[in-house]
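Residue numbers (our numbering): 858 to 951. All residues carry an ideal CB built from backbone N, CA and C; glycine is no exception.
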Amino acid sequence: MENDIFQTPVSQTGPTVNLNELNPSQREAVTTTDGPLLVIAGAGSGKTRTLVYRVAYLLEQGIAPEKILLLTFTRKASQEMLWRAGLLLNETCR
């Protein structure tokens, strides 16, 4: 499956997201760029961490922020995820 949004070149500044901090399953979920991704896992398994890293990874790969859809149940949760992604990327996410 080819997707135009994934044809953007990787950032010239080099990676800031350390994928070595993730387990193999999380790393696979973060780096999969072949279309949408659904993460289903139990409590305490690192779903939020995986989603935050995925957002940061996609942004780092040059994906336009308006092309990323991240759904949460509450506004507070979405704000926390964006804040955490900003910490990974050393910038502000809105």
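In this structure, the CA atom of Leu944 is about 13 angstroms from the CA atom of Arg911. When secondary structure is reduced to three states using DSSP, Asn877 falls in the helix class.
Of the other Cβ atoms in all chains shown, 16 or more fall within 10 Å of the Cβ of Gln883; this residue is therefore buried.
Counting of Cβ neighbours within 10 angstroms places Ala921 among the exposed residues, the total staying below 16.
For the options Thr907, Ala900, Thr873 and Gly901, the alpha carbon positioned closest to that of Thr889 is the one of Thr907.
Inclusion of Val887 and Leu876 in the CB contact set at 8 angstroms is warranted, their separation being smaller than that value.
In this structure, Leu927 sits near Ser935, with a CB-CB distance shorter than 8 angstroms.
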